[in-house]
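*Asks:* Here it is, the structure in full.
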Amino acid sequence: MPPQALVLFSGGQDSTTCLAQALADYPGQVEAVGFNYGQLHHIELDQAAFLAQKAGVPFHVVDLRFLSAITSNALMDASIKIESLPGQLPSTFVEGRNVFFLSTAAVIAKQKGIRFLYTGVCETDYSGYPDCRENFIRSIEHTLSLAMDYPFTVVTPLMRLTKAETVVFMQKLGKLDWYAHTHTCYKGMRPACGQCPACVLRLKGFREAGIADPLAYMG
Ligand code: ZN
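Written out as structure tokens, the structure reads:
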């Protein structure tokens, strides 16, 4: 059967949940795409490849490292501190990332006859990233459809869920064990550090959901 859905897949908790949802929607008709954009920690793409294989999904990695030539941030430059200052975007924000990711995914998808692009963006636990908001997603869905004269739908299963609700959602999909292989830690540590903002947010979600995180942590 031809593929129906392409999942933007980073190997993180949210995109792994989207992969599970896409497979529930289109069993055996899902592919995934990951991006090397010059992130400091290659471990996330390694985990993504591992998870895609576990899920039986073809996984494509696209080189978008030109991003590191045009922008810098704490995810791509070790000398930039991870912080969120009042009135500013977080230092971990990668300018333009979801524009490039969704545009690249759309080009791949159209060639494969795929209409549905799945992405784990979420505006509920708003982390301050403008390209994770619903208005941006609807805008680029429209733009990409016009750009390629092709009816794309950007599917965002997590848009209205809190981190805790995402964990419960994954439990209902029956794939909670996949979280043991996801990567979240901003420091690229495995076992995860448990202390960086990404680890703290992740752990808070599990605590609120009353579900144990299967991921290994330091100490
Ligand atoms: Zn961490």
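Just so we're aligned, residue 2 is where the sequence shown starts under the numbering used here, counting upward by one.
Quick reminder that beta carbons are idealized off the backbone N, C-alpha and C, glycines included.
1. Is it buried or exposed, His143, if we count other Cβ atoms within 10 angstroms and call 16 or more buried?
2. In chain order, what residues of the same chain have a beta carbon less than 7 Å from the beta carbon of Gly114, not counting five sequence neighbours either side?
3. What residue range does the alpha helix (DSSP H) around Leu204 cover?
4. Kindly confirm or deny that the region 150-160 and the region 175-184 touch, where touching means at least three C-beta pairs closer than 8 Å.
5. If you follow the beta strand (DSSP E) that Asp47 is in, where does it begin and where does it stop?
6. What is the residue span of the beta strand (DSSP E) that Phe36 lies within?
7. Could you tell me the distance, in whole angstroms, from the CA atom of Ile141 to the CA atom of Gly220?
8. Is there at least one non-hydrogen atom of the ligand ZN closer than 8 Å to the beta-carbon of Gly195?
9. Would you call the region 34-48 and the region 197-213 touching, i.e. three or more CB-CB distances under 8 Å?
10. Does the Cβ-Cβ distance between Phe94 and Tyr130 come in under 9 Å?
11. Return helix, strand or coil for His143, following the three-state DSSP convention.
12. For the beta strand (DSSP E) that contains Phe117, what are its first and last residues?
13. Is the CB-CB distance between Thr18 and Pro158 below 9 Å?
14. Do the region 77-94 and the region 51-59 make contact, defined as three or more Cβ pairs closer than 8 Å?
15. DSSP on Val100, reduced to helix/strand/coil?
16. Under three-state DSSP, which class holds Tyr218?
17. How many angstroms separate the CA atom of Lys188 from the CA atom of Ala23?
18. For the alpha helix (DSSP H) containing Thr72, list its first residue and its last residue.
19. Answer yes or no: does any C-beta atom of chain B fall closer than 9 Å to that of Met77?
20. Under DSSP, the alpha helix (DSSP H) around Phe170 begins and ends at which residues?
21. With distance defined between alpha-carbon atoms, name the residue in Tyr27, Cys186, Leu86, Gln196 nearest to Ile44.
22. I need the straight-line Cα distance from Cys133 to Arg116, nearest angstrom please.
*Replies:* In short, the structure shows the following:
1. exposed
2. Pro3
3. 198-210
4. no
5. First-last for Asp47: 44-56, but that is the alpha helix (DSSP H), not the beta strand (DSSP E).
6. 31-37
7. 43 Å
8. yes
9. no
10. yes
11. helix
12. 117-119
13. yes
14. no
15. helix
16. strand
17. 29 Å
18. No alpha helix (DSSP H) contains Thr72, which DSSP labels as neither H nor E.
19. You won't find chain B in this structure, because it holds only one protein chain.
20. 164-174
21. Cys186
22. 20 Å
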